[in-house]
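Structure record follows, encoded as structure tokens.
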Amino acid sequence: MRLRTLLADDALGLRLLHGAGRLEARVRGVMTTDLRDPSRYLHGGELVLTGLAWWRGPQDSEPFVRILSRAGVTALAAGEAELGSVPDDLAAACARHGLPLFAVAQEVAFAEITERVVRRISGHRAGDLAAVVDRHRRLMAAGPAGGGPQGVLDLLGAELDLPAWLLSATGRVIAGSGRMPLPGAVAAELAAHRMTAALAGRPGPYRVPTGAGDQSGYALFPVPGDARGRAAALTGRQLVVRADGGEWPDERRDLLAGVAELIAAEHDRHEASRTVRRRLAREIVRLLRDGAVPAEVAARLRVAGPVLGHSLADPRWQVVVARVEGVDGGGAGDEGADAGGGVAAALLEELLTGPGGTEPALVAGAPPDGGAVALVPLPALPGEGAALRAESVLAPVRGVLSAGLRDGGRLTLGVSAPVGTAGGLRGALEEARHAQRVAAAGNGAVRGAGHDELASHVLLLPFVPEEVRLAFTARLLDPLRAYDRRHRARLIPTLEAFLAADGSWTRCAAHLHLHVNTLRYRIGRIEALTGRDLNRLEDKLDFLLALRLSR
Numbered sequence: 034m035r036l037r038t039l040l041a042d043d044a045l046g047l048r049l050l051h052g053a054g055r056l057e058a059r060v061r062g063v064m065t066t067d068l069r070d071p072s073r074y075l076h077g078g079e080l081v082l083t084g085l086a087w088w089r090g091p092q093d094s095e096p097f098v099r100i101l102s103r104a105g106v107t108a109l110a111a112g113e114a115e116l117g118s119v120p121d122d123l124a125a126a127c128a129r130h131g132l133p134l135f136a137v138a139q140e141v142a143f144a145e146i147t148e149r150v151v152r153r154i155s156g157h158r159a160g161d162l163a164a165v166v167d168r169h170r171r172l173m174a175a176g177p178a179g180g181g182p183q184g185v186l187d188l189l190g191a192e193l194d195l196p197a198w199l200l201s202a203t204g205r206v207i208a209g210s211g212r213m214p215l216p217g218a219v220a221a222e223l224a225a226h227r228m229t230a231a232l233a234g235r236p237g238p239y240r241v242p243t244g245a246g247d248q249s250g251y252a253l254f255p256v257p258g259d260a261r262g263r264a265a266a267l268t269g270r271q272l273v274v275r276a277d278g279g280e281w282p283d284e285r286r287d288l289l290a291g292v293a294e295l296i297a298a299e300h301d302r303h304e305a306s307r308t309v310r311r312r313l314a315r316e317i318v319r320l321l322r323d324g325a326v327p328a329e330v331a332a333r334l335r336v337a338g339p340v341l342g343h344s345l346a347d348p349r350w351q352v353v354v355a356r357v358e359g360v361d362g363g364g365a366g367d368e369g370a371d372a373g374g375g376v377a378a379a380l381l382e383e384l385l386t387g388p389g390g391t392e393p394a395l396v397a398g399a400p401p402d403g404g405a406v407a408l409v410p411l412p413a414l415p416g417e418g419a420a421l422r423a424e425s426v427l428a429p430v431r432g433v434l435s436a437g438l439r440d441g442g443r444l445t446l447g448v449s450a451p452v453g454t455a456g457g458l459r460g461a462l463e464e465a466r467h468a469q470r471v472a473a474a475g476n477g478a479v480r481g482a483g484h485d486e487l488a489s490h491v492l493l494l495p496f497v498p499e500e501v502r503l504a505f506t507a508r509l510l511d512p513l514r515a516y517d518r519r520h521r522a523r524l525i526p527t528l529e530a531f532l533a534a535d536g537s538w539t540r541c542a543a544h545l546h547l548h549v550n551t552l553r554y555r556i557g558r559i560e561a562l563t564g565r566d567l568n569r570l571e572d573k574l575d576f577l578l579a580l581r582l583s584r
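Just add 33 to the spot in the sequence shown (first one is 1) and you have the working numbering.
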């Protein structure tokens, strides 16, 4: 609302002492304070109400007004109940800093002013927001000229003072109002919250409080999509608003839901633009599966270069294979894809998205054996770009995805070594598939394996029958687990550290912050409980395999 509207409200009976030329200034909030320095609670645009309890003499007015002016306060309203009138030195300080000043009569309560201002601001903002939504619905219906999600978020931030962001399923910031960044840890927390709520079947919007002392929190509006159930939890986007929507009227919540629908329409347009990329990916994967000659595969890769925006004529490539289990409710991605394959493809596209939203990979969903395949180009010359590693892809999103995969869902990922020619891609595909099976042999909702693990004994683990794995690990590790539970000991972690240190007593003791004699006692207990000798290579290898199989 404007100061002119506030002054014209006869019920408040405000008197203007200074600032007649600034009555068109907007009030975006209201705050009551008697602190000498309230700057930590000011964000700009407020009407500040004060009872003047901070005033002890003329020397106090200038510092107080200077703090308000620097904070971008719109106006000051001083109550007359404490001193009988507003001090002249306060009016003079407001004149020097160009800050409008009102006098509040003794019979007018600050609570009444606050209630009227908040009600008026809320009504105006709801009307403004309706206009914004209507404007962008027309613009976005006409095509990309409307600015897409970024355009509507910019208006939410600039015109309505609502910081807002569009987040991907994993918490990646796709677009934002630009007024302030959204910390990565907060984005991940919000994404995990949405996944958990979606799995529980709770309809949005969701309210997420922040840390102690911060009352605003966040309101999350799911962006509508076709997927349902776990598929929607793992692939859905969300509109995040930096505000507590709990006190919003229904009209405002409906309007923000309308903004989320606009973003969904733009997302559908973006998905349509991916059609060529996905078709190319399916064709190349089919050629590799059917054993096509390298020249034919290379020809398809050259066609893919402009689609990917790659200027390199012959980049190195890596292959990534992903599988998602326990998915229902429809999928995302390729037409005709099964739920798991579609979600795996959508997740691969998200996990391999680069800085600024670049999409360097070709992703195909639901090949014959299920899951999804990504072909990832790397710089052609060694040293110009690090090769992908499964852990580097999964580590930033493991916590978020685990929230969407709880109660039986799993994501497993396999990554091949880089290959420099089209002729090597078929072997890279098989290598990535086998790495994915190695990852699936372990425990955990989100697991990955790379080509480096296929050069060791880990290669054999997926082919060990489940019953054999359970019996082998139980025979070696159950006595240690039982001892740890009874005595609150740490024999299992000690064993892991000892093997990781290649049996070095000094390195292992230093890593565990133990005296070497304490370490020798623990290793002695392990040997006594299992009947094994950790000086023997065979027994060390058995323990190492048991620990790997139990993960």
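Glycine residues also receive a C-beta, built at the ideal position from the N, C-alpha and C atoms.
- Annotated three-state conformation of Pro-255 is strand, per DSSP.
- Within the same chain, and ignoring the five residues on either side of Leu-427 in sequence, the residues whose Cβ sits closer than 7 Å to its Cβ are Leu-446, Val-479 and Gly-481.
- Looking at the DSSP output, Gln-139 sits in no beta bridge, so it has no partner there.
- Counting along the chain, the unbroken alpha helix (DSSP H) around Ala-224 starts and ends at 217-232.
- Per DSSP, Thr-539 has no beta bridge partner at all.
- Comparing alpha carbon positions, the residue from Asp-575, Gly-398, Asn-476 and Arg-356 closest to His-467 is Arg-356.
- For Arg-73, there is no enclosing alpha helix (DSSP H), as DSSP marks it with neither H nor E.
- Just measuring C-alpha positions, the residue of Leu-567, Thr-83 and Pro-133 sitting nearest Val-60 is Pro-133.
- Pro-339 sits in a helix when the DSSP states are folded into three classes.
- The segment 408-478 contains, as complete beta strand (DSSP E) runs of 3+ residues, the segments 443-448 (chain order).
- Judged by DSSP secondary structure, Arg-48 falls outside any alpha helix (DSSP H) and instead within the beta strand (DSSP E) spanning 48-51.
- Val-360 carries a coil assignment under DSSP once its states are collapsed to helix, strand and coil.
- The DSSP assignment places 524-533 and 538-545 as complete runs of the alpha helix (DSSP H) inside the segment 508-557, in order along the chain (cut-off: 4 residues).
- Residue nearest to Trp-88 within the set Leu-49, Arg-103 and Glu-113 is Glu-113 (criterion: CA-CA distance).
- Counting the other CB atoms within 10 Å of its CB gives Gln-271 a total of 16 or more, which places it among the buried residues.
- Using a C-beta cut-off of 8 Å, the segment 48-62 makes contact with the segment 117-136, since at least three inter-stretch Cβ pairs fall below that distance.
- Contact annotation, Ala-420 with Gln-351: C-beta distance approximately 6 Å; criterion of less than 8 Å satisfied.
- A check of alpha carbon separations from Leu-289 across Val-256, Ile-556 and Arg-35 identifies Val-256 as the nearest.
- Residue pairing by DSSP places Ala-110 opposite Leu-82 and Phe-135 in a beta bridge.
- Comparing C-alpha distances from Ala-331 to each of Arg-149, Ser-72 and Gly-453 shows the shortest one belongs to Gly-453.
- With fewer than 16 other beta carbons inside 10 angstroms of its own, Ala-561 counts as exposed.
- One Cα belongs to Leu-411, the other to Pro-348, and the distance between them is close to 6 Å.
- When DSSP reads this structure, Leu-200 sits in a beta bridge with Val-206 and Gln-271.
- Note on Glu-464: 16 or more other CB atoms within 10 angstroms of its CB, so buried under the neighbour-count rule.
- Between Ala-41 and Leu-116, the alpha-carbon positions lie close to 25 Å from each other.
- Around the beta carbon of Val-336, fewer than 16 other beta carbons lie within 10 angstroms, which makes this residue exposed.
- The beta carbon of Ala-297 is closer than 7 Å to those of Val-256, Pro-257 and Gly-258 in its chain, skipping five residues each way along the sequence.
- Following the DSSP letters along the chain, one finds Ala-397 inside the beta strand (DSSP E) bounded by residues 395-398.
- The bridge partners DSSP lists for Gln-351 are Val-409.
- Looking at the backbone, the Cα of Gln-92 and that of Ser-72 are separated by about 19 Å.
- Val-326 sits in coil when the DSSP states are folded into three classes, being neither helix nor strand.
- According to the DSSP assignment, Val-241 belongs to the beta strand (DSSP E) that extends over 239-241.
- The alpha carbon of Ala-474 has as its nearest neighbour, out of Glu-382, Leu-509 and Ala-579, the alpha carbon of Ala-579.
- Residue environment for Ser-537: exposed (fewer than 16 other C-beta atoms within 10 angstroms of its C-beta).
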